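Q: My structure is below; once you've seen it, I'll send some questions.
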Amino acid sequence: MKTKINYAQREGVQKASSEEILILTDGRILTHNLTRDMAAVLQPLNPHDEPMRQRAAAATKQLRPRRRAGISKGK
Amino acid sequence: MICALPPKSTPRARDRRAVALERVPLAHAALGACRLCPQNCGVNRLEGERGCCRAGPEARVFSAQVEVGDELELIPTFAIAFNGCDMRCAFCITGADSWNAQRGEPFDAAALAAKAIKALRSEARTAMILGGEPTIHLPEVIRLVAALPAWARLVWKTNAYISTEPRCWLEGLFNVWLADYKFGNDNCAERLAGIGDYQRHVQETLLWAGQHSELIVRHLLMPGHVDCCWEPIARWIGLRLSTTKVSLRCGFWPTWKARRHSELRRAVGVVEERRALEIARGYGLHLIE
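Chains as they are written, first to last, in this note's numbering: chain Y, 1 to 75; chain R, 76 to 364.
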C-alpha cells in the first residue's frame, strides 16, 4: 500500500508538508520524507523499532540555534 | 579541469555569505555553456537550451520542510529539494520531481531562507539542500547559502556525480557533504541510471569532499545488487576513506520505473540486509544510523 499525504499550502512559498509511507506485505513500513508528525504516528506501532524511536525522539527535541557553528573540516 | 577561483576566496578566512555572493556571478555565467555535471552538455541554459537534465536558467523547488528521515546526527533537518537531476535512476524515490526540472514552484531565495531560519531557530538542527541533484542549480544554491546566517549548519546532499569546477565553487559553503555512492560498477550505473564513467567521477568527488568537509557516504542497498554494487563500494571505502562515516540504507522502495528491471521489483530481503552488514563489518566501515 502506498500513501501520499500532501497538506495544504500554509505560507505561500512551498507546500507545507509532504511525506509517503509504504507498508510491505511482511509488515515492514518504509517512509520517505519522514516528518516529525508522521514519526510520532509510526513510532507507537512498533515500539521496538529502534531507528524509528530515535527519529521520533529527535523530532520532539526543541533545539536552540547554534550561532557559532562555523565551517569545520572533517579530516 | 583547473579551478577558476582565485586563491583569496578561502571561505574559512572570510564570512561564508560574502564568499557565496562572490561566487554567484561565476556560477551563473557557467550556465552559458553548462558543464556543471559530467554529462558535459555545453548547452546555453541562459538562452533556453536544455541539456540532459532539461533544466533551464531558473531553478524550481518541490519540497521545503522539516524532516527526520535522514541520518540521526543531521535531524531534524530543514530539507529544501530542487527539481531536476543529471542522473536518471529507474528507482528514483522522487520520480517525476527529480526527472522533470519544470515541476515544482519557482525558487525564491529570500522566502526559503526565511523559512529555514525560522526552522533552525526552533526545531531543526541543520538545513539540507538536495534534489534531484542540486548541483545543476548551482547559482541559485549559492544565492540561498548567501541568504542563510553563518551559524546555520548546512548539509549538501548530492549524488556525487558532479564536475570539478562546481566542487570548487561549493568549497567551504557547507558543513557536511552527504554524498551518495549508488553503484559499484559502471555497467550498473549505465543500465539503471543512464550515465557513463560513474566510478571515476563519484570517487573523485568523494575523495575531494573528504578532504574539504565533513563527509557522510550514503549507499541505498538495492535488491540483487549486494555483490555487484555494495561489495565493491564497501571495499573501496575501506581502502580510501576508511574513517569516513557510512550510512547504509536498506529501505529500498520499488517505485518509479524500477519495474523495468526485474531485480528491482521488490524490497531488500532480510538475508540481503544481513549480508550487506557483514560486508560492511568485514571492511571495517564506520557505519552510522
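For glycine and all other residues, C-beta sits at the position ideal for the given N, C-alpha and C. A quick note: this is a predicted structure, and the numbers were derived from the prediction, not measured.
Give the DSSP-derived three-state secondary structure of serine 337 of chain R in the structure shown.
A: DSSP places serine 337 of chain R in helix when its eight states are reduced to three.
Q: Run through chain Y and tell me which residues come within less than 7 Å of alanine 223 of chain R, C-beta to C-beta.
A: One point to set straight first is that residue 223 of chain R is leucine, not alanine, in the sequence displayed. Near leucine 223 of chain R there are no residues of chain Y at all, since even the closest Cβ is about 12 Å away, more than 7 Å.
Q: How many Å lie between arginine 200 of chain R and glycine 299 of chain R at the Cα?
A: When rounded, the distance between both Cα atoms is 35 Å.
Q: Express the C-alpha separation of isoleucine 363 of chain R and threonine 60 of chain Y in angstroms, rounding to a whole number.
A: Distance between the alpha carbons of threonine 60 of chain Y and isoleucine 363 of chain R: 21 Å.
Q: To be precise: take each residue of the region 309-335 of chain R, compare its Cβ to all Cβ atoms of chain Y, and keep it if any distance is under 9 Å. Which residues remain?
A: Taking 9 Å as the Cβ-Cβ cut-off against chain Y, the residues of the region 309-335 of chain R that qualify are Thr318, Thr319, Lys320, Gly326, Phe327, Trp328, Pro329, Thr330.
Q: Under 8 Å by Cβ, that's how I've got phenylalanine 182 of chain R and valine 136 of chain R pegged, so tell me the actual separation to the nearest angstrom.
A: With a Cβ gap of about 5 Å, phenylalanine 182 of chain R and valine 136 of chain R count as contacting.
Q: Within 8 Å (strictly less), CB to CB, does glutamine 140 of chain R reach chain Y?
A: Yes - at least one Cβ of chain Y is within 8 Å of the one on glutamine 140 of chain R.
Q: Of all the options R:Leu282, R:Thr169, R:Ser288, R:Arg350, which has the alpha carbon lying nearest to the alpha carbon of alanine 333 of chain R?
A: Out of R:Leu282, R:Thr169, R:Ser288, R:Arg350, R:Thr169 has the C-alpha closest to the C-alpha of alanine 333 of chain R.
Q: Helix, strand or coil for glutamine 114 of chain R? Go by DSSP, reduced to three states.
A: If DSSP states are grouped into helix, strand and coil, glutamine 114 of chain R belongs with coil.
Q: Along the chain, where does the beta strand (DSSP E) containing threonine 31 of chain Y start, and where does it finish?
A: 29-32 is the extent of the beta strand (DSSP E) around threonine 31 of chain Y.
Q: Less than 8 Å between the CB atoms is what I'm expecting for tryptophan 305 of chain R and histidine 294 of chain R, so what's the real figure, rounded?
A: Confirmed, Cβ separation roughly 6 Å.
Q: Could you give the uninterrupted runs of the alpha helix (DSSP H) lying entirely in the region 101-177 of chain R, keeping only those of 4 residues or more?
A: DSSP runs (the alpha helix (DSSP H)) wholly in the region 101-177 of chain R: 170-174.
Q: Excluding the five sequence neighbours on either side, which residues of its own chain have a C-beta within less than 8 Å of the C-beta of tyrosine 236 of chain R, listed in chain order?
A: These residues qualify, in order along the chain: Cys112, Pro113, Asp161, Met162, Glu208, Ile270, Tyr273, His276, Val277, Thr280.
Q: From which residue to which residue does the beta strand (DSSP E) around threonine 233 of chain R run?
A: Note, threonine 233 of chain R: beta strand (DSSP E), 229-233.
Q: What residues are listed by DSSP as bridge partners for arginine 266 of chain R?
A: For arginine 266 of chain R, which the question treats as bridged, DSSP gives no partner whatsoever.
Q: Using CA atoms only, rank isn't needed, just tell me which of R:Val292, R:Leu314, R:Trp174, R:Pro132 is closest to alanine 34 of chain R.
A: There is simply no residue 34 of chain R to check, as chain R begins at 76 and stops at 364 in what is shown.
Q: Leaving out five residues on either side along the sequence, give the residues of the same chain with a beta carbon under 8 Å from the beta carbon of threonine 318 of chain R.
A: Excluding positions up to five away in sequence, the list reads His361.
Q: Touch check for the region 340-347 of chain R and the region 319-330 of chain R: three-plus C-beta pairs under 8 Å?
A: The answer is yes - the region 319-330 of chain R touches the region 340-347 of chain R, with three or more Cβ pairs under 8 Å.
Q: Within 8 Å (strictly less), CB to CB, does leucine 34 of chain Y reach chain R?
A: Output row for leucine 34 of chain Y: interface = yes.
Q: By how many angstroms is the C-alpha of phenylalanine 249 of chain R removed from the C-alpha of glycine 359 of chain R?
A: Roughly 27 Å between the two C-alpha positions.
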